[in-house]
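**Student:** Going by my numbering, the sequence shown opens with residue 1, and the numbers climb by one from there. Note that CB positions come from ideal geometry on N, CA and C, so glycine has one too.
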Amino acid sequence: MKINFTGGPLLTGDSRRVKKYTFGAYKTFVMSPIKTGICSFGMSGKLFHGPFIDNHPGFELAGIVERHRDESREKYPHAKIYRSFEALIADPSMELIVVNTPVQTHFDYVKAALLAGKKVIAEKPFTVNAAEAEELDRLAKETNGFLSVYQNRRYDGDFGALKNIVQQGVLGELVEVQIRYDRYRVDPSGKEHKEGSLPGAGNLHDLGSHLIDQALQLFGWPKALFADICIMREGVLANDYFELILMYGKMRVRLKASLVARAQYPGYILNGMLGSFMQERSDLQEQQLLANVKPTLENWCPALTQPDGFLHATVNGQEVKQATTSTSGNYMNYYNDVYKAITGQAPNPVPASDAVKTMRIIDAAFKSAAEKRVIDLV
1 MKINFTGGPL LTGDSRRVKK YTFGAYKTFV MSPIKTGICS FGMSGKLFHG
51 PFIDNHPGFE LAGIVERHRD ESREKYPHAK IYRSFEALIA DPSMELIVVN
101 TPVQTHFDYV KAALLAGKKV IAEKPFTVNA AEAEELDRLA KETNGFLSVY
151 QNRRYDGDFG ALKNIVQQGV LGELVEVQIR YDRYRVDPSG KEHKEGSLPG
201 AGNLHDLGSH LIDQALQLFG WPKALFADIC IMREGVLAND YFELILMYGK
251 MRVRLKASLV ARAQYPGYIL NGMLGSFMQE RSDLQEQQLL ANVKPTLENW
301 CPALTQPDGF LHATVNGQEV KQATTSTSGN YMNYYNDVYK AITGQAPNPV
351 PASDAVKTMR IIDAAFKSAA EKRVIDLV
């Protein structure tokens, strides 16, 4: 079985100011790139936003907020440095603002940017809680603004392989699914917004927002959930372990993440009435970005050299045991999808309403863990 992951139509062009675009079956037209500003130049700005904005012909990386440094100058000399978020959104030339600051600032920053007439991309986790998410979604609709949430893990190659298995129905009726994302970080990072006592800190918001989004993309809204959330390491005040069980009738979807997992477990396990599928977390994009590889609209990430999945199922009456290999994902497809949405070619790839659902699950998970009971969601 060949596992494929295909992105949307590609875009071509070579000028940095006024470019000609061709979107496959879409019309060809000429326009200026979208002037985009990034609110922070930490890890997310350096790896997950800056390279993609700068290398996509539909965007211009025009501004970066650095409060005290000029670190971005070396890599992006053409981008203006702003000393505050307020200065960035006050610039009338800025069209799109990427809010990639700590989650505790997201509500105020996204709201201010929308009210300033800017289009907005908000990093995950979208907000601290569902009430904030709902208000921002409502504001974007009332102002006819553009608000998208950066869920790049939808564009991982390994998730693409899993999605194909689910959509093809290879395993028959699914009864048990596990999605997990583990790390081994036994020493505290010292980051208050991630491991301190601030609202929105902790692994459930951080990695959980990815896992919940993937589950909702695959299976829709669950009927109920049960959650176990705790702190395993000394010296941290926010949760570093969680396990959520999403209940879909008799199917169970287990979401799990730990920061004390040295061994690598399969990222995804599917069990159905016709067989099972295991898929490793094998996407190489973050590794390549750390090595300063420039992303493109083409397949810029190298193909895997070894299988990263295993299928054991009954297919057309025959037992199949087969190693599978996922194809490369491409986070550039998120920005390409955003570009098409802004220019009226396609819908918003991750509307705020999707993130509202994720935040409702997170809120319900905390309630379940605190009260030690199943929470009904319908």
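I need the DSSP call for Thr-305, collapsed to helix, strand or coil.
**Tutor:** In the sequence shown, counting from the first residue as 1, residue 305 sits at position 305. DSSP places Thr-305 in coil when its eight states are reduced to three.
**Student:** Rounded to the nearest angstrom, what separates Arg-180 and Pro-266 at their Cα positions?
**Tutor:** To locate residue 180, count along the sequence shown from 1; it is residue 180. To locate residue 266, count along the sequence shown from 1; it is residue 266. Whole-angstrom Cα-Cα distance: 8 Å.
**Student:** Please report the residue range of the beta strand (DSSP E) in which Phe-226 lies.
**Tutor:** If you number the sequence shown from 1, residue 226 lands on position 226. Looking at the DSSP string, the run of the beta strand (DSSP E) that includes Phe-226 is 224-230.
**Student:** Mapping the DSSP letters down to three states, classify Tyr-109 as helix, strand or coil.
**Tutor:** In the sequence shown, the residue the question calls residue 109 occupies position 109. Residue state, collapsed to three classes: helix.
**Student:** Is it the case that the Cβ atoms of Ala-62 and Thr-101 are separated by a distance below 8 Å?
**Tutor:** As a working note, residue 62 is residue 62 in the sequence shown. As a working note, residue 101 is residue 101 in the sequence shown. Not closer than 8 Å, so no.
**Student:** Helix, strand or coil: which one does DSSP assign to Pro-125?
**Tutor:** The residue labelled residue 125 in the question sits at position 125 within the sequence shown. Looking at Pro-125 - three-state DSSP - the assignment turns out to be coil, as it is neither helix nor strand.
**Student:** Roughly how many angstroms lie between the CA atoms of Asn-239 and Asp-187, to the nearest whole one?
**Tutor:** Here the question's residue 239 lines up with position 239 in the sequence shown. Here the question's residue 187 lines up with position 187 in the sequence shown. So the two alpha carbons sit approximately 14 Å from each other.
**Student:** Quick one: is Lys-141 buried, meaning 16 or more other Cβ sit within 10 Å of its Cβ, or exposed?
**Tutor:** Here residue 141 refers to the residue found at position 141 when the sequence shown is read from its first residue. Looking at its Cβ environment, which holds fewer than 16 other Cβ atoms inside 10 Å, Lys-141 is exposed.
**Student:** I'd like the list of long-range same chain contacts for Ser-93, defined as Cβ closer than 6 Å, with 5 residues on each side in sequence excluded.
**Tutor:** On the sequence shown, residue 93 is found 93 positions in, with the first residue counted as 1. So the qualifying residues of the chain are Lys-35.
**Student:** Is the distance from the Cβ of Tyr-155 to the Cβ of Lys-124 below 8 Å?
**Tutor:** If you number the sequence shown from 1, residue 155 lands on position 155. If you number the sequence shown from 1, residue 124 lands on position 124. For Tyr-155 and Lys-124, no; Cβs fall outside 8 Å.
**Student:** Quick one: residues in its chain with C-beta nearer than 8 Å to the C-beta of Leu-171, no 5 flanking neighbours on either side, listed in chain order?
**Tutor:** Residue mapping note: residue 171 aligns to position 171 of the sequence shown, counting from 1. Cβ within range, chain order: Ile-165, Leu-270, Asn-271, Gly-272, Met-273, Leu-274, Gly-275, Ser-276, Phe-277 and Ala-313.
**Student:** CB Ala-116 to CB Tyr-184, shorter than 8 Å?
**Tutor:** In the sequence shown, the residue the question calls residue 116 occupies position 116. In the sequence shown, the residue the question calls residue 184 occupies position 184. Not a contact, by the Cβ cut-off of 8 Å.
**Student:** Quick one: grab the DSSP three-state call for Ala-25.
**Tutor:** Position 25 of the sequence shown, counting from 1, holds the residue named residue 25. Caution is warranted here: a pLDDT of 35 is assigned to Ala-25, below 50, making its placement in the model unreliable, and the coordinate value is therefore given only provisionally. Here Ala-25 sits in coil by DSSP.
**Student:** Buried or exposed, going by whether 16 or more other CB atoms sit within 10 Å of the CB of Gln-279?
**Tutor:** Taking the first residue of the sequence shown as position 1, residue 279 is located at position 279. The residue in question, Gln-279, is buried, as its Cβ has 16 or more Cβ neighbours within 10 Å.
**Student:** Can you confirm whether the segment 324-333 touches the segment 294-310 when touching is taken to mean that 3 or more C-beta pairs between the two stretches lie within less than 8 Å?
**Tutor:** Segments in contact, yes.
**Student:** Between Glu-95 and the rest of its own chain, which residues show a CB-CB distance below 8 Å, the 5 nearest in sequence each way excluded?
**Tutor:** Residue mapping note: residue 95 aligns to position 95 of the sequence shown, counting from 1. Ile-34, Lys-35, Thr-36, Lys-118 and Lys-119, listed in sequence order.
**Student:** Considering only their Cβ atoms, is the gap separating Val-374 from Ala-224 smaller than 8 Å?
**Tutor:** Residue mapping note: residue 224 aligns to position 224 of the sequence shown, counting from 1. Residue mapping note: residue 374 aligns to position 374 of the sequence shown, counting from 1. The answer is yes: Cβ separation under 8 Å.
**Student:** Please list, in chain order, all residues of the same chain as Leu-218 whose beta carbon is under 7 Å from its beta carbon, the five residues on each side excluded.
**Tutor:** Locating residue 218 in the sequence shown gives position 218, counting from the first residue. These residues qualify, in order along the chain: Lys-163 and Val-166.
**Student:** Can you tell me the Cβ-Cβ gap for Val-65 and Leu-47, rounded? I've got them flagged as a contact below 8 Å.
**Tutor:** Here residue 65 is taken as the residue at index 65 of the sequence shown, counted from 1. Here residue 47 is taken as the residue at index 47 of the sequence shown, counted from 1. Not a contact, Cβ separation roughly 16 Å.
**Student:** Please identify the residue among Gly-58, Lys-357, Phe-41 and Ala-161 whose C-alpha is closest to the C-alpha of His-80.
**Tutor:** To locate residue 80, count along the sequence shown from 1; it is residue 80. First, the residue type needs correcting, since residue 80 is Lys and not His in the sequence shown. Taking only the C-alpha atoms, the option nearest Lys-80 is Phe-41.
**Student:** Exposed or buried, which one is Lys-250 when buried takes at least 16 other CB atoms within 10 Å?
**Tutor:** Looking up residue 250 in the sequence shown gives position 250. So Lys-250 counts as exposed.
**Student:** CA-CA distance, Tyr-339 and Gln-345?
**Tutor:** As a position in the sequence shown, residue 339 is number 339, starting the count at 1. As a position in the sequence shown, residue 345 is number 345, starting the count at 1. Those two C-alpha atoms are separated by around 8 Å.
**Student:** Going by DSSP, name the residue or residues bridged to Glu-243.
**Tutor:** Start at 1 with the first residue of the sequence shown, and residue 243 comes out as number 243. Glu-243 pairs with Asp-228 and Lys-256.
**Student:** Can you look up Val-30 in the DSSP assignment and give me helix, strand or coil?
**Tutor:** The count along the sequence shown starts at 1 and reaches residue 30 at position 30. Unreliable positioning characterises Val-30 in this predicted model, as indicated by a pLDDT of 44, which lies under 50. The coordinate reading is nonetheless provided below. Three-state result, Val-30: strand.
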